[in-house]
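In order, the protein sequences belong to chains A and B.
Oh and the first sequence: position 32 is 33 in my numbering, straight run, nothing missing.
Oh and the second sequence: position 3 is 21 in my numbering, straight run, nothing missing.
Cβ coordinates follow ideal geometry from the N, Cα and C atoms, glycine included.
Since we're looking at a predicted model, the values are computed, not measured.
Below is one structure, written out as structure tokens; comments come after it.
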Amino acid sequence: MSPKVLLNTKEVNIILHRLACQLIEKHTDFSNTVLIGLQPRGIFLAQRIKALLIEKYNLPKVHLGLLDITFYRDDFRRSDKVLEANSTEIDFLIENKRVVFIDDVLYTGRSIRAALTAIQSFGRPSEIELLTLIDRRFSRHLPIQPDYRGRQVDAINDEKVLVNWKETSGEDAVYLIKN
Amino acid sequence: MSELSVDHLLGIKYLNNSDIDLIFETADHFKKVINRPIKKVPSLRDITIANLFFENSTRTKLSFELAQKRLSADVINFSSGQSSLSKGETLVDTVNNILSMKVDMVVMRHPNPGAASFLSKHIDAQIINAGDGAHEHPTQALLDTYSIREKYGEVKGKKVVIVGDILHSRVALSNIFALQLQGAEVMVCGPKTLIPKYINKLGVQVETNLLKALNWCDIANMLRVQNERMEISYFPSTREYTQQYGVTKSVLESLDKKITIMHPGPINRGVEITSEVADSGQAIILNQVENGVAIRMAVMYLLASKIKQ
């Protein structure tokens, strides 16, 4: 079965602008706010948001870090594949900062739970928020909800939401794939 | 993602190149972890590891224990000095007793070559060899070659001389395997009496003149003379050994190039290397120690991922 288009390039672009504006509404000049893209899939969204904030909305400086949660996941030894680590690049202090986690799809919430543990290793943030492009409703295993969401999607468990980015797949689009 | 081709780490000779790449890439991540303000990850929180040391060790034992704690594993320690071994219990019985307390992984050092391999055939747990007699010491060779890779970018094509007591050294054998697997050229250097007769069969060069060896190499790995393993005299005196095989500042300065000095520890200062050399900028001895924790974390993480629930 051919994949269903959830968001096309134009829609993704509009949503990115809206999310950037919502961030500015809350965080104004980002002087005490840092963006943290979650490895591996959240980093493209995080880089896009950062670029928009600087280039379109003229913010002088936006800190962006990349956080890998592999060693903090709760499914180590429970899945068949070995969990492959990615790099963590946070070259600023998190202490007392307002942190915004950025990921492409919010599904069970377990990755965010791991990220909440992982970020503690870098200090004590004053506040943590969550921004996701896609929020899969009714599929949460944990009480975690996004503060900024691109689009809410109803998908059943054997469906997969695939987010494509220009940088990796040549187009910005979101698909629903049935297994 | 690929996983290790082995279920136990018994020796370098059982590993292949992609195993080593995987261990090194994983160690890169753990090296970052141990340099954070909070140096701990919860990956192995439901794993119990027994450290069985049937022979003395300070740094290897500490390094393994620290690596286990950084991974949040539960750790039990055992040293043969305080055990029932002196009451006549066999190795398999001792270990089986420990395993019945639900241990998932065993790190073992033992004076007999092949002890770890023997254990892996009789015990239902993952075994990491932390040194078996004069046979292998795989994590040491991994951390040594990892340190070379860190300094030079890659191990391939590097010329490495291992100097000293090759005959009694498990570090030498594991290093030879690890260096060759990664494409380095290896030479051994020492008094003839301390070089095994059939070492040529391993494809290494042999040199008895220290200066020639140092002029040839990029990296010199200095080994300690293992007096505790010597039942007969292999050289006339320590003083004579030092005169012929000790690396001093003036020896280093007489070379055409700046070589890197490594030492697996413990150092006998003034015997195989002088303090000036050990503390100089050319030595990466303390980097080796730091890398040891990251390498051991990587090995235990990757082996633990093979224990399915």
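Given that Tyr149/A touches chain B, what residues does it touch there, using C-beta distances under 8 Å?
Per Cβ cutoff of 8 Å: no residues; Tyr149/A is ~28 Å from chain B at best.
Give me, in chain order, the residues of the same chain whose beta-carbon lies closer than 7 Å to that of Gly110/A; leave out the 5 immediate sequence neighbours on both sides.
Arg141, His142, Leu143, Ile145
Give the secondary structure of Met315/B by DSSP, where H, G and I count as helix, E and B as strand, and everything else as coil.
helix
Pick from Thr112/B, Val93/B, Leu185/B: whose alpha carbon is nearest that of Tyr216/B?
Leu185/B
Contact set between Arg54/B and chain E, taken where Cβ atoms lie within less than 7 Å
Of the chains in the structure shown, none is chain E; the protein chains are A and B.
Indicate whether Ile103/A and Ile37/A have their beta-carbon atoms separated by less than 8 Å.
yes
So the candidates are Lys5/A, Val101/A, Leu7/A, Leu177/A; which of them puts its Cα closest to the Cα of Val63/A?
Val101/A
Bridge partners of Ile67/B, per DSSP?
Val93/B, Met123/B
For the stretch 65 to 80 of chain A, enumerate the residues whose C-beta is nearer than 9 Å to any C-beta of chain B, in chain order.
Asp69, Thr71, Phe72, Tyr73, Arg74, Asp75, Phe77, Arg78, Arg79
Anyone know if the C-beta pair for Asn69/B and Phe82/B falls short of 8 Å?
yes
Name the DSSP beta bridge partners of Thr133/A, please?
Asp104/A, Arg150/A
Taking its Cβ as the centre, do 16 or more other Cβ atoms sit within 10 Å of Pro284/B, making it buried, or is it exposed?
exposed
Applying the 10 Å Cβ sphere with the 16-neighbour rule, what's the burial state of Pro209/B?
buried
Tell me the rounded alpha-carbon separation between Asn53/B and Asp75/A.
23 Å
Are the CB atoms of Val307/B and Leu241/B nearer to each other than 8 Å?
no
For the stretch 199 to 206 of chain B against the stretch 225 to 242 of chain B, do three or more pairs of beta-carbon atoms, one drawn from each stretch, fall closer than 8 Å, so that the two count as touching?
yes
Check whether the Cβ of Ala116/A lies closer than 8 Å to any Cβ atom in chain B.
no
Could you give the distance in angstroms between the alpha-carbon of Leu109/B and the alpha-carbon of Leu68/A?
45 Å
Determine which residues of the stretch 197 to 229 of chain B have a Cβ less than 8 Å from any Cβ of chain A, and write them out in chain order.
none
At the 8 Å Cβ level, is Ile237/B part of the contact set with chain A, yes or no?
no
Those residues which DSSP pairs with Lys167/A across a bridge:
Paired residue(s): none; Lys167/A is not in a bridge.
May I ask you to report which of helix, strand or coil DSSP gives Gly182/B?
coil
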